[in-house]
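Accompanying notes for the structure given below.
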């Protein structure tokens, strides 16, 4: 693995969020509970550490513990530029937008590539971009 990998702290929704991302991007989830790690600073069935496995996108997550703050960001996007074929990227954008918010429609830009921005249902802001030689 190279480069930074996001590690998101969710407010009790890490299992649900990671399952959603595995469904969107492909792959599977690996989840470890607080009980498995002998942690008593949160519910026994809460996710102490989880991640996407065999997926084209690297992402780690956990549920918050104790007074730990949950994920919140401004001025930050997770950038997926040229990560997959155009059709796959379009599908990712559509899935992330489901019950999320499109910030900037996926569209062809004056410089010739496509991109758009979406904030998904868990509050992650994604920039999806790709070159599509087929056109629209």
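Numbering (this note's numbering), first residue to last: 1259 to 1394. Where a beta carbon is used, it is the ideal one built from N, C-alpha and C, also for glycine. Remember, it's a predicted structure, so these values are computed and weren't measured experimentally.
Rounded straight-line distance, which links the Cα of residue j to that of residue i
i	j	result
residue 1395	residue 1368	Since the first residue shown for the chain is 1259 and the last is 1394, residue 1395 is missing from the structure and cannot be characterised.
residue 1277	residue 1297	22 angstroms
residue 1332	residue 1371	25 angstroms
residue 1342	residue 1351	12 angstroms
residue 1324	residue 1270	12 angstroms
Beta-carbon proximity list for residue i, same chain, < 8 angstroms, skipping 5 on both sides
i	result
residue 1303	1291, 1292, 1293
residue 1363	1374
residue 1365	1372, 1373, 1374
Supposed close pair residue i, residue j - CB separation, criterion 8 angstroms
i	j	result
residue 1329	residue 1266	5 angstroms
residue 1321	residue 1300	6 angstroms
residue 1319	residue 1308	5 angstroms
residue 1340	residue 1268	Not really, about 28 angstroms apart at Cβ, beyond 8 angstroms.
8 angstroms Cβ cutoff, residue i in contact with chain B
i	result
residue 1270	Absent here is chain B; the protein component of the structure consists of one chain.
Reduced DSSP category for residue i - H, G, I as helix; E, B as strand; rest coil
i	result
residue 1438	No information on residue 1438 is available, as it lies outside the stretch 1259 to 1394 that the chain covers here.
residue 1305	strand
residue 1279	helix
residue 1294	coil
residue 1311	strand
residue 1381	coil
residue 1349	helix
residue 1289	strand
residue 1272	helix
residue 1364	strand
residue 1354	helix
8 angstroms Cβ cutoff met for residue i and residue j
i	j	result
residue 1386	residue 1338	yes
residue 1349	residue 1313	no
residue 1262	residue 1336	no
residue 1295	residue 1286	no
Chain-order list of residues whose beta-carbon lies under 6 angstroms from that of residue i (same chain, five-residue window excluded)
i	result
residue 1358	1376, 1377, 1378, 1379
residue 1390	1344, 1372
residue 1347	1386, 1388
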